[in-house]
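A.B. asks: Sharing a structure with you now.
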Amino acid sequence: MVKVLISLSVFACAATAGSVTELVESVTKLNGYSINPCDDFYQYPCGAWHKEAVILVPPDIHRIDRSLNKLDIQNEAVLTKIFSDNKTKRENQAW
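If you use mature numbering (1 follows the signal peptide of the UniProt record, and there is no 0), the sequence shown corresponds to residues -17 to -1, 1 to 78, in order.
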């Protein structure tokens, strides 16, 4: 019995493969079959991914980072208000 572990990188391979044969070859290249899955379960299906992956950083990453930081600050303010309002309601109900 052969067990096959499928990671999310398979979907990326499927999107770029031209044929079924190419898909199998590209997925097989990403696996770390030399690793025992009982020793390192993550590295077994994804072991070679980081060697083959090309991660592109957009040229406007600083602008994106600032936008995400601004959203993070806004989200934290909203959550703080929600939690403090909820705490006040619980305190009022206790009396």
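Note that beta-carbon positions come from the ideal geometry of N, C-alpha and C, so glycine has one too.
According to the Cβ coordinates, are residue 18 and residue 30 closer than 8 Å?
C.D. replies: By one-based count along the sequence shown, residue 18 stands at place 35. By one-based count along the sequence shown, residue 30 stands at place 47. Contact flag set, yes.
A.B. asks: For a test of the three-state rule: what should DSSP assign to residue 19, helix, strand or coil?
C.D. replies: Taking the first residue of the sequence shown as 1, we reach residue 19 at position 36. In this structure, residue 19 counts as coil in the three-state DSSP scheme.
A.B. asks: Express the C-alpha separation of residue 48 and residue 4 in angstroms, rounding to a whole number.
C.D. replies: What you label residue 4 is simply residue 21 of the sequence shown in a count that begins at 1. What you label residue 48 is simply residue 65 of the sequence shown in a count that begins at 1. Cα to Cα, the separation comes out at about 39 Å.
A.B. asks: Pick out whichever of 75, 12, 41 has its Cα sitting closest to the Cα of residue 34.
C.D. replies: Indexing the sequence shown from 1 puts residue 34 at position 51. The shortest C-alpha separation from residue 34 is found at 12.
A.B. asks: Would you decide whether residue 52 is buried or exposed? Buried here means 16 or more other CB atoms lie within 10 Å of its CB.
C.D. replies: The residue given as residue 52 occupies position 69 in the sequence shown. It is exposed - the Cβ of residue 52 has fewer than 16 other Cβ atoms within 10 Å.
A.B. asks: Roughly how many angstroms lie between the CA atoms of residue 56 and residue 41, to the nearest whole one?
C.D. replies: Position 73 of the sequence shown holds residue 56. Position 58 of the sequence shown holds residue 41. Those two C-alpha atoms are separated by around 23 Å.
A.B. asks: Can you tell me where the alpha helix (DSSP H) with residue 42 in it begins and where it stops?
C.D. replies: By one-based count along the sequence shown, residue 42 stands at place 59. It is not in any alpha helix (DSSP H) - residue 42 carries neither H nor E in the DSSP assignment.
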